[in-house]
Each structure stands twice: as C-alpha cells, then as structure tokens.
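Please read the structure below before turning to the comments.
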Amino acid sequence: MIRLLIKETEATYGSIHVAGRELSAIPRNKVPYYRRNVGVVFQDYKLLPNRNVHDNVAYALQVTGGTRREIREKVPDILRLTGLATKLHSYPDQLSGGEQQRVSVARAFVNHPPLLLADEPTGNLDPETSIGIMQLLYRINRTGTTVVVATHDRTMVDRMRRRVIQLEQGRVVRDEKGAGYAAMETTGEFAIRMRGEAPE
Amino acid sequence: MRFGFFAREAIRALTRNAVPSFAAMATVLVTVLVLGVFIPVVQATTGAANDVRAKVIADVYLKSSASERDVSRVRHIITTETPHVKRVVYVSKEQAYREESAKRKDLYKLLGSNPLPPTFRVYPDNPDNITAVRDALSPAAPSGGRTVIDPAIDEVRNRQDETNKILTATRVVKLTMAGLAALLVLASMLLIANTIRLSLYARRREVEVMKLVGATDWFIRWPFVIEGVLVGALGGLLAVLCLGVVKVALIDPLADQFALIAAPDTINFPLLIVVLLAASIGVSALGSGLSLRRFLRV
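Line by line, the protein sequences are chains V and W. Using my numbering, the letters of the first sequence map in sequence onto residues 15 to 214. Using my numbering, the letters of the second sequence map in sequence onto residues -18 to 279.
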C-alpha cells in the first residue's frame, strides 16, 4: 500500500488521491518531485551501510539538490529532534534497531514533508523501543505533519487512539475516528499511555 | 556542488569494483592503441596506393626490327591521334638495356645480347583513362585477342594488373584493420556496460534510497555515466601516452632515415590525440548508456 502511495507501483484499478492530486495523473518525470513531499519509513530502515548517521540523513538533502548550507542547518536539527545528536558519526551497523529506525525517520523527515508514511516502523523492534519510535512519530505529528502508520500491532493501534483504518484482504473493514485522547498530550504522557500504565 | 557530488560518487564506485573497471579500462586502452596505429597506417597505405595509381602508364612495345621511321611514325600516332595522352617517353633498345641490366646485372651478362624492344611509355592524363589509351592503340580484334593500329607496334601493355594487385592489398589491410577496430570498439563498449552493471548492482540500495527520497532520474544516472566515461577517458589517456612515447622514442628518430615513415599526408599527432580521446569517451558513454537503459528502471 505504501508502494502505491509513493507511486512505485501503479494501482491496477481505482484511483489514488494524495492531497487532492490524482497519482496516476502525475507524469513520470514529475514523480521525484512528488516524492519529495512524502517521507517514507520502512520496516527494514533502508539505510546505507557505508555512510554514517549524518551522511545518511544528509544524503536525502544531497540527492534532492540541497545546498551545503541547508545540510549544515537541517541535519543537526533533525538529529536533535530524533535524539541521535550523539551518534552523528556512527555507522548503521553500530546502532541498535531502534536507533537505526530513528535515523530512517530522520531521513524521511529532514525535508519536512507534509506527509510521512511509515510501513511497519516497529515491526523489527521490541515493545519498549517501539514506544520510543511511536513517541517520535507523535512528536512529528504534532508539528503538523500527517503521519500514516501501517502496522500489525493491534495493541499499539488501540493504545494510540487515533484514526484507525483497518484493512482485510485489501478492503477497508474499519475506519474510526480517534476518540478519547487528549489533543495536546505531551510526549511524556503519550509514552506513559502507550505503555498502558495510565489509568484507563 | 552537484558535479562534485556526482564525481565523488563515481570515484567511490570505481574504487569499490576495481577489477571490472580495470578490465574495461585495459580494453579501451587496447582499442585506442589499435585505432591510433590504424588511422595513420591506413592513411599511409592509401597515400601509397594513390602514388601507384598516379604512376599508371601504358607500355607500347615496338618490334625489335622497327626502324627510325617507324619510331617517329608511332610517336606521331601516340601524341596526335590518341586521346587522353599526357606525356610520352621514348626508351630506345639501348636505353632499355642499360636500365634493365643495371637492375639485374648477372642475368643480362649471361644473356649476352639485347632482347629488349624499343618502348614508348605513355602517361595518361588521368589514371582511370589508361584503358582508353590502350584500346586506342591496340583495339580489340573481332576474332578475340588484340590487334595493333600500326604494324611496327608489337604489343601494348598497361600496368593495370600490378596496380590492381596493390590496390587489393591495401583494401585488405584496410578491411582487416577496420574489422579489428570495430570488434575492439564493441568489446570495450560491452565491458564498460558490464562495469556499470556491476556498479549498479553494488549500489542498488543507494539507488533505491535515492528514488525514495525523490532524486530525479538523471540525478541517479549521472554518477554512473561519469563512472563509465572516467573509465574510458582513463584508458584513452593511457593509450595516447603510450602512442606518444612510441612516436617520440621510435618513429621520430627513424623518420629522418626512412621516407616511408614520414609518409605523405598522415594525420598530425595532436589531431589524432583529440580524435582518439573523443572516441574513447564516446564509446564509454555509449557503454554506460547501454547498461543504464537495460538495468536501471527509474
């Protein structure tokens, strides 16, 4: 589904609209520019093993034509946001899974796209680290970015208490508006709730 | 900034798969070397062939018994009545003997007498008209064979056959060289394509990430094109260096001694270098393009 949303594969039928734009109407040579407005996080991180954390994140800016100055300004910012400021020069294989996923999120969000797609971002992570990642995504969400998370983790979905769209066999079977969460929760409160420690 | 990025990526890729890059570079080197030798050689042989063509003449052999009067009559026929004649040289019996015996002393000493006929050497105005000259002096007989237009003429022969032989030989040289060069060009193109394919494979993750974060198609392609061109240019440069060394060390000193090597109208060296470098870069760009078209679906 995420592949459809970044126009890596085309829908066999039906149409896909993202932010009011019909995806099949975007010509091939405009696809890269569309993708720059969509950040993507994958279950397997897709980091470049031969570059350190800083360069992995900077890569996203480099290949989209970012200037050196932009890289100097944005990369440390995003690394601070994702809590990786101390791991600047580590290589992906020196990082834990959670940290790698953070780098992946940082790379997806360094351009501040209005839409962030996360495909099973916590699929490979233990519950505690997953909460950290979800916390990070929540923080990003609060900056005004739409975050779409695809996951199999039902308890996590239930605890998030956000809008949930459940798919079964490729069909929408549930679409409920998130209810009963404080709109202006701090990330700390969010984490506690995610751990299931808060009184229901 | 952008070009620096591309170049850095290309060099990074080159050092990572050094072996196929080296193979491709070596092939380009050999190709350019062959081309570098081939171009002047073909020019020299073509020049030589043209020289031979320019020397095309018809020999009009008179009968050994021809008198002075016969000689002047035949000369008159050739100079005034025959078309396409530029120049006529008369070689008397004695003259011919002197010339030939100088070439093969022992043979003529053994012979004792002079078997050579007096000869007119007829130069046509244009090498292509040699047959016309011959036909005029010695028309084809209705019964087959050839007659002559004057009883004093024994036989008219042109040197077409010899000329043809030389032209055929140069044509064979040219064709072989061209075939070899074409094969080598193909080989270098495919090897560069292979290098780029391996590089693509080694960097498929990077390509994937690039697509993911919204790099344009050409932004993804450029580093690979540069990588290929770099391989080609490096091979070409080395080959040109080799050619330069050979030229300075071998051919230049010899040129004073052998007229053949300072052959007429060969391409001048700087131009040759430019042509060769352009060819190597063109070939490698084509090779990269080949691989990118086939293996990089962006």
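Built from N, CA and C at the ideal position, the CB exists for glycine as well.
Asked	Found
Go ahead and label phenylalanine -16/W buried or exposed: buried means 16 or more other beta carbons lie within 10 angstroms of its beta carbon, across all protein chains shown.	exposed
Give the DSSP-derived three-state secondary structure of glutamine 180/V in the structure shown.	strand
What's the gap between the Cα of alanine -6/W and the Cα of alanine -12/W?	10 Å
Given arginine 138/W, which residues of its chain have a CB within under 6 Å of its CB, disregarding the five upstream and five downstream residues?	Asp40
In its own chain, which residues sit with a C-beta less than 7 Å from the C-beta of alanine 162/W, not counting the 5 before and 5 after it?	Val15, Leu16, Phe19
Have a look at glutamate 49/W and tyrosine 104/W and give me their C-alpha separation to the nearest angstrom.	22 Å
Is the separation between the beta-carbon of serine 261/W and that of valine 206/W shorter than 7 Å?	no
Using 7 Å as the limit for Cβ to Cβ distance, is glutamate 208/W near chain V?	no
Is glutamate 134/V closer than 7 Å to threonine 169/V when the C-beta atoms are compared?	no
Can you confirm whether glutamine 180/V, when its beta carbon is compared against all beta carbons of chain A, has any partner nearer than 7 Å?	The structure shown contains no chain A; the protein chains it does contain are V and W.
Kindly provide the ranges of any beta strand (DSSP E) runs that are 3 or more residues long and lie completely inside the stretch 8 to 44 of chain W, ordered along the chain.	39 to 43
Is the Cβ-Cβ distance between tyrosine 42/W and threonine 112/W less than 7 Å?	no
To which residues of the same chain is valine 162/V closer than 6 Å at the C-beta, ignoring the five residues directly before and after it?	Leu131
Would you say glycine 160/W lies against chain V (beta-carbon separation less than 7 Å)?	no
Going along chain W, which residues have a C-beta under 7 Å from threonine 78/V?	Val194, Gly195, Ala196
So that I know if they touch, is there some Cβ in chain V lying closer than 7 Å to that of valine 188/W?	no
Hey, is methionine 191/W's beta-carbon within less than 7 Å of any beta-carbon in chain V?	yes
Would you mind telling me which residues of chain W sit closer than 9 Å to tyrosine 47/V, beta carbon to beta carbon, in chain order?	Gly195, Thr197
Are alanine 25/W and isoleucine 173/W closer than 7 Å when you measure CB to CB?	no
Buried or exposed for isoleucine 179/V, going by 16 or more other Cβ atoms inside 10 Å?	exposed
Please report how far the alpha carbon of histidine 126/V lies from the alpha carbon of valine 117/V, in whole angstroms.	14 Å
Touching or not, the stretch 181 to 196 of chain W and the stretch 148 to 155 of chain W, by the rule of three or more beta carbon pairs under 8 Å?	no
Look up alanine 121/W in the DSSP assignment and give the residues it is bridged to.	Arg127/W
Using alpha carbons as the reference points, say which of Pro90/V, Glu142/V, Asp140/V lies closest to alanine 120/V.	Pro90/V
Using CA atoms only, rank isn't needed, just tell me which of Ile(-8)/W, Ala(-1)/W, Phe(-14)/W, Glu(-10)/W is closest to valine 175/W.	According to the sequence as given, residue 175/W is asparagine; it is not valine. Minimum Cα distance to asparagine 175/W is reached at Ala(-1)/W.
Just the Cα atoms here: how many angstroms apart are leucine 215/W and threonine 8/W?	11 Å
Apply the 10 Å Cβ neighbour rule to tyrosine 73/V and answer buried if 16 or more other Cβ atoms are within range, or exposed otherwise.	buried
Based on DSSP bridge pairs, tell me the residues matched to aspartate 189/V.	Ile179/V
Give the interface partners of tyrosine 73/V over in chain W, defined as CB-CB distance under 9 Å, in chain order.	Glu187, Val190, Met191, Val194
Within a Cβ cutoff of 7 Å, which residues of the same chain sit near serine 180/W, ignoring the five residues on either side of it in sequence?	Ala(-6), Asn(-2), Phe205, Glu208
Out of Ala196/W, Trp199/W, Leu10/W, Gly225/W, point me to the one whose CA is closest to alanine 168/W's CA.	Leu10/W
Just checking: is the beta-carbon of lysine 60/V within a distance shorter than 7 Å of some beta-carbon in chain W?	yes
Leucine 129/V and threonine 96/V - do their beta-carbons sit closer together than 7 Å?	no
Taking C-beta pairs closer than 8 Å, name the residues in chain W that arginine 35/V reaches, listed in chain order.	Simply none; closest approach about 15 Å.
Starting from the C-beta of valine 166/W, find all residues in its chain whose C-beta is less than 7 Å away, skip the five residues before and the five after it, and write them out in chain order.	Thr12, Val264
By a C-beta neighbour count over all protein chains shown, 10 Å radius and 16 as the cutoff for buried, is leucine 62/V buried or exposed?	buried
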